[in-house]
Amino acid sequence: MRRMFLRRAGLALLLMLAATALTFALVTAAPGNVAALIAERAAGPGADGEMIARIADELGLNDPLPVRYVRWLGDTFTGDFGVSLRTGKPISEEFAERIPVTATLLAGGGMLALFYSLGLGLWGATSNGRFADRILHGIALIGASTPNFFVAALLVIVFAVGLGWIPSFGLYGWTSWILPCVTIALFPGSVLARVVRVNLQEAMARPFATTGFAKGMNRGEVLVREALPNIAIPYITTFGAQFTLMIIGAIVVERLFGLNGIGAFFIEAIRFRDFVGMQAVLTLFVVFFVSVNLFVDLVAMLVDPRLRRARRA
Amino acid sequence: MSEPVYAVEDLVIDLYTPSVSVRAVDRVSFAINAGETLAVVGESGSGKTVMTLGPLGLMPEGVTIDLRGSARAAGKDLVKMSPKKLSSLRGGQFGVIFQDPMSALNPMLKIGPQLAEQARRFAGLSPAAARAAAVSLLARTGIPDPEDRYDRYPHELSGGMLQRAMIALALAARPRVLIADEPTTALDATVQAQILALLRQIQNEDGIAVALITHDIGAVSVLADRVIVLYAGRIAEEGSAIDVLTSPVHPYTRGLLASVPDFRSDTASGTREIPGLPPDQTRVLPGCRFADRCPQAEASCRTKRPVLTCVGGNEVPHRAACPIVIRDEGLADND
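From first to last, the protein sequence lines are chains A and B.
Quick note on numbering: numbering that gives the first Met the number 0 labels position 2 of the first sequence as 1, and the sequence is numbered without any gaps.
Quick note on numbering: numbering that gives the first Met the number 0 labels position 130 of the second sequence as 129, and the sequence is numbered without any gaps.
See the structure below:
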């Protein structure tokens, strides 16, 4: 199993290199001239061609793309993401301030999605085919088909504006996290609830579930103790995929709820054509995607006794 | 004779799936006593599993059943029980072995702890005693190095070993009835013989009642004291294993026995198949269900349901539901 994991890790590293190279090329190819931008910011509209050429030369922008990629890669590995073209601050400083915000949002959203999906899925399975099951199915379906900006607006109208319970914008204590977390958790939670429900139903029809009943268990016990462990692998895999996708939700949600996280920084970077900032954030996303997937692979391997003990058998 | 450990009377079971309804069991009665093996024989779909496991509430997910009649065990009627009481009675009184141990054992659960839990829950043992009981049960069912196997997952054992583990699991709660639903069908021929020998050994040692659901006539001849031959949800013939296997009366039983391959014959001519297919059980028609495939069928067979009639037997009455054969061969035995 260790060999299998090392191979996955090696593959993940290659994937990160390929993905960063691709984003590097794409960002470079995007319209806009970095040297001209810098010159404009420094000298206002009076920047002339000579100044732009000098800046491009200083920054090494005239070197061939592979050379620039390798130089960028080296800097990034040492923690130097460059200086934001928009704020003029080193991006590593921006990250140090903003990563905790986004991490809290993702952690909160992930936890909510976990509890929501397991709760809804299990409850649906215990009330198999009855009225409650259909209602729950409907709730999950609505949750999985409502865009998060709409959900956010709805939550703000009800809980912040209408009831005035919790803030709708910015960070004022822990209650500020509730609406953003709920917003990004709703879609993945609803998708996962379906995964739980469908896989539980499938597991309950397998012969080992009948064995569970024969052991004297009631339906609830068979569901939780026999069927639930068997859905762990599809659940963990889907959870990983949904969790990485939550970063997209975070971009929208940080913007809507005025949270100064990575997502908000990314949007600003795009608006101001802050190529350095964009490249840094995209790199962060790549690392996040690949490492979450690697982690999920590892957990799935540890959970499945057939994989975990492959060498002992 | 003491009260049977599992007795079913006038049982009717209708199965409903979203698309069809089937009368799977049609007015069947049987009883199993402690220390005896009752074999229930019939082809696939004849209702042998539904008849034995249906009253216990062990039906596949998505199938709704409608039970009528009575099914008594431990002084209670299972048909009238609440699902909760039924599940605890099921765990304590009945042990069940299924056809394919590879799929019947949960791939995510270790084998030993499941046995220990049964011993704790239903035999009232302490955790330490339950673990010891589980290990000795694994040893008893012929699993080598039981201490090591206790912590193994199903994928780490072979099919034969898994069926032994399944038997151990079924026995862990110290049940009074062991129901073996085609316990050898999914196994290799050499392993089949070992499993049958193990079942016989357990029965000799424990005096437990065994219901053997099978279509393997060989297994019946090795294990069974009594036999019920089921055809399309009805009992065609019943009696002691010797009577039914050596002097079958019902044309279906005769056909079934004739279709068993004879190893002494070097051609396929040694076997004879029963022509035709089992009847459509979605419709309940009057008359004998075997009439369409029966070589001796007469007009009356299609209009009047045959009743089980005694045709001999010593302590165990030998009964068959075929008035034609009984009349033609003068078998009626009114005692």
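All C-beta atoms, glycine included, are put in the ideal place defined by N, C-alpha and C.
These figures come from a predicted structure and were not determined experimentally.
Consider the Cβ of residue i: report whether some Cβ of chain B lies at a distance smaller than 7 angstroms.
i         : result
A:Lys-214 : yes
A:Glu-201 : no
A:Asn-217 : yes
A:Pro-206 : yes
A:Arg-196 : no
A:Thr-313 : In the structure displayed, chain A extends from 0 to 312; residue 313 of chain A sits before or after that span and is not available.
A:Arg-7   : no
A:Pro-228 : yes
A:Ala-312 : Residue placement at A:Ala-312 is flagged as unreliable, the pLDDT there being 39, under the threshold of 50; the coordinate-derived value follows with that caveat. Chain B, which has a Cβ nearer than 7 angstroms to the Cβ of A:Ala-312, makes this yes.
Mind checking who residue i pairs with in its DSSP beta bridge?
i         : result
B:Arg-71  : B:Ala-6 and B:Asp-76
B:Glu-236 : B:Val-228 and B:Ala-319
B:Tyr-15  : B:Ser-20 and B:Thr-63
A:Pro-89  : A:Val-82
B:Ile-178 : B:Val-95 and B:Ala-210
B:Asp-25  : B:Val-11
B:Cys-309 : B:Arg-318
B:Ala-30  : B:Ala-6
B:Leu-37  : B:Ala-210 and B:Arg-225
Answer with yes or no whether the minimum CB distance from residue i to chain A is below 7 angstroms.
i         : result
B:Glu-60  : yes
B:Met-107 : yes
B:Arg-89  : yes
B:Lys-83  : yes
B:His-154 : yes
B:Ser-220 : no
B:Ser-86  : yes
B:Ala-103 : yes
B:Pro-17  : no
B:Leu-186 : no
Whose Cβ in chain B lies nearer than 7 angstroms to the Cβ of residue i?
i         : result
A:Thr-125 : Near A:Thr-125 there are no residues of chain B at all, since even the closest Cβ is about 13 angstroms away, more than 7 angstroms.
Looking at C-alpha atoms only, which residue of the options is the closest neighbour of residue i?
i         : options                                       : result
A:Ala-231 : A:Val-100, A:Phe-23, A:Leu-154 and A:Leu-191  : A:Leu-191
A:Leu-258 : A:Gly-215, A:Val-160 and A:Gly-172            : A:Gly-172
B:Arg-163 : B:Gly-61, B:Ile-142 and B:Arg-148             : B:Ile-142
B:Arg-282 : B:Thr-189, B:Arg-22, B:Leu-104 and B:Pro-59   : B:Arg-22
B:Pro-126 : B:Gln-113, B:Ser-43 and B:Ala-138             : B:Gln-113
B:Val-62  : A:Phe-287, A:Thr-209, A:Asp-303 and A:Pro-233 : A:Thr-209
B:Pro-260 : B:Gly-217, B:Ser-157 and B:Leu-276            : B:Gly-217
A:Leu-222 : A:Gln-241, A:Gly-118, A:Val-298 and A:Ile-138 : A:Gly-118
A:Val-195 : A:Ala-268, A:Phe-238 and A:Asn-292            : A:Phe-238
A:Asn-198 : A:Ser-126, A:Thr-27, A:Leu-121 and A:Ile-246  : A:Leu-121
B:Val-49  : B:Pro-274, B:Ser-135, B:Pro-294 and B:Ile-212 : B:Ile-212
A:Leu-21  : A:Leu-281, A:Glu-253 and A:Pro-166            : A:Leu-281
B:His-317 : B:Asp-147, B:Lys-303, B:Thr-245 and B:Gly-275 : B:Thr-245
B:Gly-311 : B:Val-248, B:Ile-273, B:Pro-278 and B:Arg-271 : B:Val-248
B:Ala-223 : B:Ala-179, B:Ala-185 and B:Asp-187            : B:Ala-179
B:Gly-53  : B:Ser-43, B:Val-40, B:Ala-70 and B:Leu-161    : B:Ala-70
A:Ala-213 : B:Arg-67, B:Tyr-15, B:Ala-196 and B:Gly-91    : B:Gly-91
Residue i versus chain A: which residues are under 7 angstroms apart at the beta carbon?
i         : result
B:Gln-117 : Lys-214
B:Val-95  : Ala-213
Can you round the beta-carbon distance between residue i and residue j to whole angstroms, since I take them to be within the 8 angstroms contact cut?
i         : j         : result
B:Arg-130 : A:Gly-215 : Actually they are not in contact, since the Cβ atoms of B:Arg-130 and A:Gly-215 sit about 19 angstroms apart, beyond 8 angstroms.
A:Val-160 : A:Leu-185 : Their Cβ separation, rounded to whole angstroms, is 19 angstroms, which puts A:Val-160 and A:Leu-185 out of contact at 8 angstroms.
B:Val-176 : B:Val-4   : 5 angstroms
A:Ser-189 : A:Gly-142 : 3 angstroms
B:Arg-26  : B:Asp-9   : 6 angstroms
A:Leu-162 : A:Leu-178 : Going by Cβ atoms, the distance from A:Leu-162 to A:Leu-178 rounds to 12 angstroms, so no, they are not a contact pair.
B:Tyr-149 : B:Ile-110 : 7 angstroms
B:Val-243 : B:Val-228 : 7 angstroms
B:Glu-60  : A:Ala-204 : 4 angstroms
B:Cys-293 : B:Arg-304 : Wrong, their Cβ atoms sit about 14 angstroms apart, outside the cutoff.
So which residues on chain A does residue i lean against when the C-beta distance must stay under 8 angstroms?
i         : result
B:Arg-120 : Gly-215
B:Ala-70  : The contacting residues do not exist; B:Ala-70 stays about 16 angstroms from chain A at best.
Determine the chain B residues that contact residue i at a beta-carbon separation under 8 angstroms, and present them in chain order.
i         : result
A:Pro-233 : Chain B residues near A:Pro-233: none, gap ~13 angstroms exceeds 8 angstroms.
A:Arg-133 : Result: empty, since nearest Cβ-Cβ is about 15 angstroms, beyond 8 angstroms.
A:Arg-305 : Pro-106, Tyr-152 and His-154
A:Glu-347 : Shown here, chain A extends from 0 to 312; a query on residue 347 of chain A therefore has no answer.
Note down, in chain order, every chain B residue with its Cβ under 9 angstroms from the Cβ of residue i.
i         : result
A:Thr-209 : Leu-52, Leu-57, Met-58, Pro-59, Glu-60, Val-95, Phe-97 and Ala-103
Below 9 angstroms on C-beta distance, what does residue i contact in chain A?
i         : result
B:Ala-73  : Those do not exist, as B:Ala-73 stays about 13 angstroms from chain A at its closest Cβ, beyond 9 angstroms.
B:Ala-208 : Here the premise fails: no neighbours, minimum Cβ distance about 16 angstroms.
B:Ala-172 : Lys-214 and Gly-215
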